[in-house]
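Below you'll find the structure, written out as structure tokens, and then a few comments.
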């Protein structure tokens, strides 16, 4: 018998019985492994700098010029710049989180994920980490260049709360992305169309370029269920303190609590739904059904 | 040996490898267009497909209408019409541009059929343009719905008797060629890039949105940006469609502080100037697109990019 022989693991069941440390390390490695192509891909495809950062900045600029044409107060230009930065995260969540498992199914990777000895939540978390790094670059450029080029002045009284709200928004957004990705496992081509549907209509109800409170009931509904809407509104209230007047939405402290609830609820629902939908997908034989 | 060598060419039909001229080109185009339409539309029932197709352009228009409402209130009716028309037409531009680029990515990355399409006797570019037709149709439907929503719900005044139908037909036709040319350029780019290029057409369309006076007059832009806008066919296409549909409305090109007025001394370009410049700029962009596509195609063949798949 060689040194490779493992007398304690005589059966497949024994081989699969990992201790907690080994399970944790395997999952941690899978987080890193899934984040790796997204981070490394940034350096291998330089065209993304033009198409993912510079051109979207020009899109944001178009809305700045709409307000300039209307001779709007300067804080509205700030709204647009902040909204433009946050869309980077939203786009990442719907395209590279929610729809990702659908792409993986089309590419034939999904069954490999399910067959691997790691939790799918680790794979999703790795996607989120990699995506977050990609989107942060775009958001930072839009925010920094927008602030400089268009002379946006932020008046922040509560930096701590602003940063907390920002991170809570990201947690809620990526929690939502993980939850949606499990739904997308079951879907076919409607996944692509749903992703399209989650862009401009969500921007509209989230008040991307104007105060969400102006939408009345629709705005209130958005604040209650869409992390982008509530996070953006809270950040605007904090970044342009005193400049807005009554917004018709809850104060940022309450919105921070809404974000905490969203982050917890979405992540928990992602876990539950992933299990349910994985079982359904296995039953219906759709885990490996491509191009439907 | 000699008899065998001469027998093979006699039995071989070169038309099967090289195509049979314009009839085959037309058949390839129609087949690609039908395939594209089925791929876009047959995943669900017509009502759901309709809702999905129009929700995006309608929401885009509503964002701008609300921005206007927040700042200018209900009094800015003139500007509201300007914004709704520009936003509606932009839905058409985005679909037209994205259709061709997404065809490349769809066939290469998802269905992995691009290599087979490429080696078929039909012209590759003709097939790609055919595939893009379905998206152009969806974009046209979205644009019409946004205009209808504008007329019915948002106070857009439309008088069919005042429309210059001849000019509308002409500028729509020439503008369509320019949009397809831009789509071909993007398809050429997507042949070189990886899977994440899905978002590139929207990024390019978003950047052009800034320069073409779709939702605000060019006069608010810095002069170099105005000059760039005047060199784009989409600027003249939007101006032409606006002038034909809503005669006497606000111009995106001319006006106080605009480069056009500074150069020509006129408040806004007339119909002749719009059509002439649209023709010239469209011709230019079409030539650039044809050249860019051929260069990209050659490079893709050299580097083995036609059957490459990527992931992230």
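Chains as they are written, first to last, in our numbering: chain H, 730 to 1021; chain D, -11 to 300. Cβ atoms here follow ideal geometry from the backbone N, Cα and C, with glycine treated the same way.
query: With a cut-off of 7 Å, does the C-beta of residue 751(H) fall near any C-beta of chain D?; result: no
query: Pick out whichever of 922(H), 966(H), 928(H) and 972(H) has its Cα sitting closest to the Cα of residue 30(D).; result: 922(H)
query: Just mark residue 289(D) as buried or exposed, buried being the case when its beta carbon has 16 or more other beta carbons within 10 Å.; result: exposed
query: Is the beta carbon of residue 233(D) closer than 7 Å to that of residue 137(D)?; result: no
query: Taking residue 139(D) as the reference, give the member of 76(D), 295(D) and 253(D) with the closest Cα.; result: 76(D)
query: So, is the C-beta of residue 104(D) closer than 7 Å to a C-beta in chain H?; result: no
query: Are the Cβ atoms of residue 862(H) and residue 768(H) separated by less than 7 Å?; result: yes
query: Taking 7 Å as the CB-CB limit, is residue 759(H) close to chain D?; result: no
query: Look at residue 871(H) and residue 786(H) and say whether their C-beta atoms are less than 7 Å apart.; result: yes
query: Once you ignore the five residues that flank residue 731(H) on each side, which residues in its own chain have a CB closer than 8 Å to its CB?; result: Reliability of the predicted coordinates at residue 731(H) is poor, the pLDDT of 44 falling under 50, and the value obtained from them is presented with this limitation in mind. Around residue 731(H): no qualifying Cβ.
query: Give the secondary structure of residue 298(D) by DSSP, where H, G and I count as helix, E and B as strand, and everything else as coil.; result: coil
query: Here's the rule I'm using: 16 or more other beta-carbon atoms within 10 Å means buried, otherwise exposed. How should residue 39(D) be labelled?; result: exposed
query: In the DSSP assignment, the alpha helix (DSSP H) including residue 204(D) goes from what residue to what residue?; result: Where residue 204(D) is concerned, there is no enclosing alpha helix (DSSP H), given that its DSSP letter is neither H nor E.
query: Taking the alpha carbon of residue 988(H) as the point to measure from, which residue in 1013(H), 957(H), 1011(H) and 1007(H) has its own alpha carbon closest?; result: 957(H)
query: What's the gap between the Cα of residue 292(D) and the Cα of residue 57(D)?; result: 52 Å
query: Smallest Cα separation from residue 992(H): which of 867(H), 955(H) and 765(H)?; result: 955(H)
query: Which residue from 913(H), 965(H) and 762(H) puts its Cα closest to that of residue 894(H)?; result: 965(H)
query: Would you kindly check if the distance between the Cβ of residue 246(D) and the Cβ of residue 213(D) is under 7 Å?; result: no
query: Would you mind sorting residue 898(H) into buried or exposed? The rule is 16 or more other CB atoms within 10 Å of its CB.; result: buried
query: Write down every uninterrupted run of the alpha helix (DSSP H) in the segment 744 to 829 of chain H whose length is 4 residues or greater and which is fully enclosed by it, in chain order.; result: 749 to 773, 784 to 798 and 803 to 822
query: Do residue 827(H) and residue 913(H) have their C-beta atoms within less than 7 Å of each other?; result: yes
query: As a quick exercise: from 868(H), 820(H) and 953(H), pick the residue whose alpha carbon is nearest that of residue 932(H).; result: 820(H)
query: Pick helix, strand or coil for residue 281(D), following the three-state DSSP scheme.; result: helix
query: I'd like to confirm the pairing. Which residues does DSSP put opposite residue 884(H) in its beta bridges?; result: 969(H)
query: List, in order along the chain, the chain D residues whose C-beta lies closer than 7 Å to that of residue 827(H)?; result: Correct list: empty, because the minimum Cβ distance to chain D is about 14 Å.
query: Report all residues from its chain with a CB closer than 8 Å to the CB of residue 846(H); omit the five preceding and five following residues, and keep chain order.; result: 745, 747 and 755
query: So, are the CB atoms of residue 270(D) and residue 162(D) less than 7 Å apart?; result: yes
query: Are the Cβ atoms of residue 81(D) and residue 173(D) separated by less than 7 Å?; result: no
query: Check residue 923(H) in the structure and name its three-state DSSP category.; result: helix
query: Check whether the segment 102 to 121 of chain D and the segment 13 to 21 of chain D touch, using three or more Cβ-Cβ pairs below 8 Å as the test.; result: yes
query: So with Cβ pairs under 7 Å, would you call residue 854(H) a contact of chain D?; result: no
query: Note down, one range per segment and in chain order, each alpha helix (DSSP H) of at least 4 residues found wholly within the segment 43 to 103 of chain D.; result: 65 to 93
query: Which one of 25(D), 72(D) and 37(D) has the shortest CA to CA distance from residue 49(D)?; result: 72(D)
query: Pull up the distance between the alpha-carbon of residue 287(D) and that of residue 112(D), whole angstroms please.; result: 15 Å
query: On the criterion of 16 or more Cβ atoms from any shown chain inside 10 Å, does residue 981(H) qualify as buried, or is it exposed?; result: buried
query: So residue 182(D) contacts chain H; which residues on that side make the cut at Cβ distance below 7 Å?; result: 774
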